[in-house]
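See below for the structure under consideration.
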Amino acid sequence: MFRSDLSTEHLRSLEQQALGVMSALSRLALGHFAEKLSPEVKADKSLVTLADRAIEKKARELLAPLTPDWGFVGEELGTLSCLSDSNRIVEASPAAPSAGLTPAELHLLHRPESPLNLDSDTYWILDPIDGTLNFLSRSPLWSTLLALVHKGRPVLGVVALPALDEVFFAAQGLGARWGKLSDAPTREPSSEKWTPCATRTTGSLSDAFVSYSSPKPFAARGVESFLHVLQEKSFECRTHSDAYGYTRILCGGIDLMVDPLVAPYDVAALQVLFDETPHASFTTLQGQNG
(Lines of atoms letter the chains of each structure in order from A and count residues from 1; the text may use other names and numbers.)
(Lines give C-alpha, C1' and ligand atoms only; values in the text may rest on other atoms or scores of the structure.)
Protein backbone atom coordinates (compact mmCIF):
# COMPACT_ATOMS: atom_id res chain seq x y z
CA MET A 1 0.00 0.00 0.00
CA PHE A 2 1.23 3.49 -0.87
CA ARG A 3 2.41 5.57 2.09
CA SER A 4 3.12 9.27 1.69
CA ASP A 5 6.03 11.07 3.29
CA LEU A 6 3.71 13.57 4.98
CA SER A 7 4.08 13.02 8.72
CA THR A 8 1.21 11.78 10.85
CA GLU A 9 1.26 15.07 12.76
CA HIS A 10 1.06 17.06 9.53
CA LEU A 11 -1.82 14.97 8.21
CA ARG A 12 -3.68 15.32 11.50
CA SER A 13 -3.32 19.10 11.32
CA LEU A 14 -4.39 19.16 7.67
CA GLU A 15 -7.40 17.00 8.49
CA GLN A 16 -8.59 19.49 11.09
CA GLN A 17 -8.03 22.38 8.68
CA ALA A 18 -9.92 20.57 5.94
CA LEU A 19 -12.88 20.02 8.26
CA GLY A 20 -12.91 23.72 9.06
CA VAL A 21 -12.88 24.60 5.37
CA MET A 22 -15.66 22.13 4.64
CA SER A 23 -17.79 23.55 7.44
CA ALA A 24 -17.55 26.99 5.85
CA LEU A 25 -18.25 25.64 2.36
CA SER A 26 -21.26 23.73 3.68
CA ARG A 27 -22.79 26.86 5.16
CA LEU A 28 -22.36 28.58 1.81
CA ALA A 29 -23.88 25.61 -0.02
CA LEU A 30 -26.90 25.49 2.28
CA GLY A 31 -27.53 29.18 1.63
CA HIS A 32 -27.72 28.49 -2.11
CA PHE A 33 -29.77 25.32 -1.51
CA ALA A 34 -32.57 27.52 -0.20
CA GLU A 35 -32.55 29.55 -3.42
CA LYS A 36 -34.16 28.86 -6.78
CA LEU A 37 -31.22 28.46 -9.17
CA SER A 38 -31.16 28.17 -12.94
CA PRO A 39 -28.63 25.56 -14.10
CA GLU A 40 -26.38 25.66 -17.13
CA VAL A 41 -25.71 22.56 -19.22
CA LYS A 42 -21.98 21.91 -19.74
CA ALA A 43 -20.39 20.38 -22.81
CA ASP A 44 -20.45 16.92 -21.20
CA LYS A 45 -24.22 17.33 -20.57
CA SER A 46 -23.77 17.65 -16.81
CA LEU A 47 -25.30 20.56 -14.88
CA VAL A 48 -23.59 23.47 -13.17
CA THR A 49 -25.01 26.33 -11.11
CA LEU A 50 -23.92 29.60 -9.58
CA ALA A 51 -23.60 27.68 -6.31
CA ASP A 52 -20.94 25.33 -7.73
CA ARG A 53 -18.76 28.23 -8.81
CA ALA A 54 -19.28 30.19 -5.59
CA ILE A 55 -18.29 27.20 -3.45
CA GLU A 56 -15.20 26.50 -5.56
CA LYS A 57 -14.12 30.15 -5.40
CA LYS A 58 -14.56 30.14 -1.61
CA ALA A 59 -12.54 26.94 -1.29
CA ARG A 60 -9.63 28.57 -3.12
CA GLU A 61 -9.82 31.58 -0.83
CA LEU A 62 -9.86 29.47 2.34
CA LEU A 63 -7.12 27.03 1.31
CA ALA A 64 -4.71 29.62 -0.12
CA PRO A 65 -3.44 30.96 3.24
CA LEU A 66 -3.21 27.44 4.67
CA THR A 67 -1.26 25.84 1.81
CA PRO A 68 -0.18 28.65 -0.53
CA ASP A 69 2.40 26.61 -2.45
CA TRP A 70 0.13 23.67 -3.25
CA GLY A 71 -2.02 23.29 -6.34
CA PHE A 72 -5.77 23.17 -6.66
CA VAL A 73 -7.96 21.18 -9.03
CA GLY A 74 -11.62 22.20 -9.21
CA GLU A 75 -14.42 20.78 -11.27
CA GLU A 76 -15.79 24.11 -12.41
CA LEU A 77 -13.14 26.86 -12.37
CA GLY A 78 -10.11 24.86 -13.48
CA THR A 79 -6.70 24.02 -12.11
CA LEU A 80 -4.34 26.39 -10.31
CA SER A 81 -0.61 25.75 -10.44
CA CYS A 82 -0.39 27.08 -6.90
CA LEU A 83 -3.01 28.60 -4.63
CA SER A 84 -0.93 31.71 -3.93
CA ASP A 85 -1.42 32.88 -7.53
CA SER A 86 -5.03 32.65 -8.70
CA ASN A 87 -4.03 33.93 -12.14
CA ARG A 88 -1.93 30.88 -12.94
CA ILE A 89 -4.64 28.63 -14.31
CA VAL A 90 -3.13 25.51 -15.86
CA GLU A 91 -6.24 24.41 -17.72
CA ALA A 92 -9.81 25.61 -17.98
CA SER A 93 -11.33 22.46 -16.54
CA PRO A 94 -10.12 19.15 -15.08
CA ALA A 95 -10.36 15.72 -16.63
CA ALA A 96 -13.82 14.74 -17.81
CA PRO A 97 -15.54 11.60 -16.52
CA SER A 98 -13.87 8.51 -17.87
CA ALA A 99 -14.83 4.89 -18.05
CA GLY A 100 -11.19 3.87 -18.31
CA LEU A 101 -9.91 5.08 -14.96
CA THR A 102 -9.01 2.50 -12.36
CA PRO A 103 -8.91 3.54 -8.69
CA ALA A 104 -5.12 3.52 -8.88
CA GLU A 105 -5.29 5.93 -11.80
CA LEU A 106 -7.75 8.41 -10.39
CA HIS A 107 -4.83 10.68 -9.58
CA LEU A 108 -3.59 10.94 -13.18
CA LEU A 109 -3.78 14.70 -13.05
CA HIS A 110 -0.20 14.75 -11.77
CA ARG A 111 1.69 11.89 -13.32
CA PRO A 112 5.06 12.94 -14.79
CA GLU A 113 3.57 12.63 -18.28
CA SER A 114 0.47 14.62 -17.33
CA PRO A 115 -0.18 17.87 -19.22
CA LEU A 116 -0.70 19.61 -15.88
CA ASN A 117 2.38 21.49 -14.79
CA LEU A 118 1.74 22.13 -11.12
CA ASP A 119 4.41 23.74 -8.98
CA SER A 120 3.97 21.10 -6.28
CA ASP A 121 3.38 17.36 -6.21
CA THR A 122 0.70 18.08 -3.61
CA TYR A 123 -2.68 19.57 -4.50
CA TRP A 124 -6.29 19.79 -3.38
CA ILE A 125 -9.11 18.45 -5.53
CA LEU A 126 -12.70 19.62 -5.06
CA ASP A 127 -16.16 18.72 -6.26
CA PRO A 128 -18.23 21.68 -5.03
CA ILE A 129 -21.62 20.00 -5.48
CA ASP A 130 -21.74 16.30 -6.20
CA GLY A 131 -25.32 15.53 -7.16
CA THR A 132 -26.29 18.82 -8.81
CA LEU A 133 -29.60 17.39 -10.02
CA ASN A 134 -30.52 16.44 -6.45
CA PHE A 135 -29.42 19.90 -5.31
CA LEU A 136 -31.68 21.56 -7.87
CA SER A 137 -34.56 19.17 -7.08
CA ARG A 138 -34.43 20.13 -3.38
CA SER A 139 -33.38 16.60 -2.48
CA PRO A 140 -30.91 16.52 0.45
CA LEU A 141 -28.80 13.80 -1.20
CA TRP A 142 -25.96 16.00 -2.49
CA SER A 143 -22.49 16.56 -1.12
CA THR A 144 -19.23 18.48 -1.31
CA LEU A 145 -16.00 16.49 -1.66
CA LEU A 146 -12.48 17.66 -0.85
CA ALA A 147 -9.32 15.56 -1.16
CA LEU A 148 -5.60 16.12 -0.80
CA VAL A 149 -3.41 14.34 -3.34
CA HIS A 150 0.28 13.84 -2.59
CA LYS A 151 2.71 12.30 -5.05
CA GLY A 152 -0.09 10.87 -7.13
CA ARG A 153 -2.31 9.39 -4.41
CA PRO A 154 -5.18 10.78 -2.33
CA VAL A 155 -4.02 10.95 1.30
CA LEU A 156 -6.86 12.93 2.91
CA GLY A 157 -10.54 13.09 2.12
CA VAL A 158 -13.65 14.83 3.45
CA VAL A 159 -17.21 14.28 2.24
CA ALA A 160 -19.82 16.67 3.62
CA LEU A 161 -23.56 16.20 3.21
CA PRO A 162 -24.77 19.58 4.48
CA ALA A 163 -28.51 19.04 4.09
CA LEU A 164 -28.24 15.85 6.18
CA ASP A 165 -25.79 17.40 8.70
CA GLU A 166 -23.31 14.57 8.05
CA VAL A 167 -19.58 14.54 7.42
CA PHE A 168 -17.20 11.66 6.63
CA PHE A 169 -13.44 12.19 6.84
CA ALA A 170 -10.19 10.23 6.73
CA ALA A 171 -6.44 10.71 6.44
CA GLN A 172 -3.86 8.11 5.59
CA GLY A 173 -2.97 6.08 8.68
CA LEU A 174 -5.46 7.94 10.89
CA GLY A 175 -8.62 5.97 10.17
CA ALA A 176 -12.03 7.05 8.87
CA ARG A 177 -14.80 8.60 10.95
CA TRP A 178 -18.17 10.20 10.53
CA GLY A 179 -20.75 12.18 12.46
CA LYS A 180 -22.62 15.46 12.57
CA LEU A 181 -21.22 18.14 10.30
CA SER A 182 -22.35 20.77 12.81
CA ASP A 183 -19.90 19.27 15.36
CA ALA A 184 -16.88 19.71 13.08
CA PRO A 185 -15.96 23.30 14.09
CA THR A 186 -15.70 22.42 17.79
CA ARG A 187 -14.54 18.79 17.78
CA GLU A 188 -11.05 17.55 16.93
CA PRO A 189 -10.84 14.81 14.28
CA SER A 190 -9.26 12.42 16.80
CA SER A 191 -12.12 12.78 19.27
CA GLU A 192 -13.73 9.52 20.35
CA LYS A 193 -17.12 11.20 19.93
CA TRP A 194 -16.85 10.63 16.17
CA THR A 195 -18.13 7.27 14.93
CA PRO A 196 -15.54 5.05 13.20
CA CYS A 197 -16.57 4.14 9.67
CA ALA A 198 -17.55 0.49 9.42
CA THR A 199 -19.08 -1.80 6.82
CA ARG A 200 -21.78 -4.43 7.04
CA THR A 201 -20.68 -8.06 7.33
CA THR A 202 -22.83 -9.52 4.57
CA GLY A 203 -21.37 -12.73 3.22
CA SER A 204 -23.00 -13.11 -0.19
CA LEU A 205 -24.55 -11.09 -3.00
CA SER A 206 -27.90 -12.77 -2.40
CA ASP A 207 -28.01 -11.13 1.03
CA ALA A 208 -26.57 -7.79 -0.06
CA PHE A 209 -28.13 -4.35 -0.26
CA VAL A 210 -26.76 -2.85 -3.49
CA SER A 211 -26.91 0.67 -4.83
CA TYR A 212 -26.00 2.27 -8.14
CA SER A 213 -25.98 5.76 -9.62
CA SER A 214 -28.19 5.49 -12.72
CA PRO A 215 -28.77 3.02 -15.57
CA LYS A 216 -27.34 5.49 -18.12
CA PRO A 217 -23.62 5.08 -17.23
CA PHE A 218 -23.95 1.30 -17.55
CA ALA A 219 -25.36 1.77 -21.05
CA ALA A 220 -22.62 4.27 -21.89
CA ARG A 221 -19.98 1.70 -21.01
CA GLY A 222 -21.82 -1.20 -22.60
CA VAL A 223 -22.09 -3.08 -19.30
CA GLU A 224 -25.85 -3.21 -18.87
CA SER A 225 -25.52 -6.93 -18.15
CA PHE A 226 -23.52 -6.10 -15.03
CA LEU A 227 -26.43 -4.07 -13.68
CA HIS A 228 -28.88 -6.81 -14.61
CA VAL A 229 -26.90 -9.33 -12.57
CA LEU A 230 -26.91 -7.03 -9.56
CA GLN A 231 -30.64 -6.51 -9.86
CA GLU A 232 -31.37 -10.21 -10.22
CA LYS A 233 -28.90 -11.67 -7.72
CA SER A 234 -28.80 -9.17 -4.86
CA PHE A 235 -31.27 -9.07 -1.99
CA GLU A 236 -32.21 -5.51 -2.97
CA CYS A 237 -30.87 -3.09 -5.60
CA ARG A 238 -31.81 0.59 -5.44
CA THR A 239 -30.45 3.91 -6.68
CA HIS A 240 -28.56 6.10 -4.18
CA SER A 241 -26.75 8.45 -6.49
CA ASP A 242 -23.31 9.99 -6.30
CA ALA A 243 -21.24 10.21 -3.10
CA TYR A 244 -24.30 9.65 -0.94
CA GLY A 245 -24.40 6.01 -2.00
CA TYR A 246 -20.76 5.45 -1.07
CA THR A 247 -21.26 7.00 2.36
CA ARG A 248 -24.08 4.55 3.07
CA ILE A 249 -21.44 1.79 2.88
CA LEU A 250 -19.16 3.67 5.27
CA CYS A 251 -21.90 4.01 7.90
CA GLY A 252 -22.98 0.38 7.58
CA GLY A 253 -26.20 0.97 5.67
CA ILE A 254 -25.61 -0.90 2.41
CA ASP A 255 -23.07 -3.37 1.05
CA LEU A 256 -22.15 -2.24 -2.44
CA MET A 257 -22.20 0.92 -4.54
CA VAL A 258 -21.55 0.73 -8.29
CA ASP A 259 -20.82 3.71 -10.51
CA PRO A 260 -19.18 2.80 -13.85
CA LEU A 261 -18.49 6.35 -15.02
CA VAL A 262 -16.52 8.71 -12.75
CA ALA A 263 -14.07 11.60 -12.79
CA PRO A 264 -11.19 12.16 -10.32
CA TYR A 265 -13.03 14.84 -8.35
CA ASP A 266 -15.96 12.41 -7.90
CA VAL A 267 -13.96 9.79 -6.05
CA ALA A 268 -10.57 11.06 -4.79
CA ALA A 269 -11.93 11.79 -1.30
CA LEU A 270 -13.83 8.49 -1.25
CA GLN A 271 -10.66 6.53 -2.07
CA VAL A 272 -9.08 7.60 1.24
CA LEU A 273 -12.24 6.89 3.22
CA PHE A 274 -12.45 3.36 1.86
CA ASP A 275 -8.72 2.75 2.32
CA GLU A 276 -9.04 3.72 5.98
CA THR A 277 -12.23 1.76 6.72
CA PRO A 278 -11.68 -1.85 7.88
CA HIS A 279 -12.90 -4.49 5.40
CA ALA A 280 -13.93 -1.85 2.82
CA SER A 281 -12.63 -2.01 -0.75
CA PHE A 282 -12.64 0.43 -3.64
CA THR A 283 -12.21 -1.28 -7.01
CA THR A 284 -12.91 -1.23 -10.72
CA LEU A 285 -15.77 -3.26 -12.21
CA GLN A 286 -13.12 -5.94 -12.84
CA GLY A 287 -12.25 -6.02 -9.13
CA GLN A 288 -8.85 -4.30 -9.37
CA ASN A 289 -7.88 -2.59 -6.15
CA GLY A 290 -6.68 1.00 -6.00
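End of the sequence shown sits at 289 in numbering that gives the first Met the number 0; the numbers just go up one at a time, nothing left out. We put the beta carbon where it would ideally sit given N, CA and C, even for glycine.
Which of helix, strand or coil DSSP assigns to H9: What you label residue 9 is simply residue 10 of the sequence shown in a count that begins at 1. Here DSSP, grouped into helix, strand and coil, assigns H9 to helix.
Proximity below 8 Å, CB of P277 to CB of R11: Position 278 of the sequence shown, counting from 1, holds the residue named residue 277. Position 12 of the sequence shown, counting from 1, holds the residue named residue 11. The answer is no: Cβ separation not under 8 Å.
Burial state of D84, where buried means 16 or more other Cβ atoms lie within 10 Å: By 1-based counting over the sequence shown, the position of residue 84 is 85. Answer is exposed; the Cβ neighbour count stays below 16.
Reference R152; option with closest CA among K179, G174, D126 and Y122: For the purposes of this step, residue 152 is identified with residue 153 of the sequence shown, where counting begins at 1. Nearest C-alpha to R152: Y122.
For D182, three-class secondary structure by DSSP: In the sequence shown, the residue the question calls residue 182 occupies position 183. DSSP places D182 in helix when its eight states are reduced to three.
Presumed contact (8 Å Cβ cut-off) between I54 and L79, rounded CB distance: One-based indexing of the sequence shown puts residue 54 at position 55. One-based indexing of the sequence shown puts residue 79 at position 80. The pair is not a contact, with the Cβ atoms about 15 Å apart (cut-off 8 Å).
Where H31 sits in the DSSP three-state scheme: Numbered from its first residue, the sequence shown carries residue 31 at position 32. H31: helix per DSSP, three-state reduction.
Cβ-Cβ distance between T192 and R186 below 8 Å: Position 193 of the sequence shown holds residue 192. Position 187 of the sequence shown holds residue 186. Going by the sequence as given, residue 192 is Lys instead of Thr. Yes.
Proximal residues to T48 (C-beta, below 6 Å), its chain only, five neighbours per side dropped: Along the sequence shown, one-based indexing puts residue 48 at 49. L36 and P38, listed in sequence order.
Status (buried if at least 16 other CB within 10 Å, exposed otherwise) for H9: Here residue 9 is taken as the residue at index 10 of the sequence shown, counted from 1. That one is exposed.
Buried or exposed (CB count within 10 angstroms, at least 16 for buried), T7: By 1-based counting over the sequence shown, the position of residue 7 is 8. Label assigned to T7: exposed.
Buried/exposed call for D126, threshold 16 Cβ in 10 Å: Start at 1 with the first residue of the sequence shown, and residue 126 comes out as number 127. With 16 or more Cβ atoms within 10 Å of its Cβ, D126 is classed as buried.
Close-in-space but distant-in-sequence residues of the same chain around V40 (CB under 7 Å, 5 per side omitted): Here residue 40 refers to the residue found at position 41 of the sequence shown. These residues qualify, in order along the chain: L46.
8 Å CB neighbourhood of P67 in its chain, flanking five on each side removed: Here residue 67 refers to the residue found at position 68 of the sequence shown. Hits under 8 Å: C81, L82 and S83.
I54 in three-state terms, based on DSSP: By 1-based counting over the sequence shown, the position of residue 54 is 55. DSSP places I54 in helix when its eight states are reduced to three.
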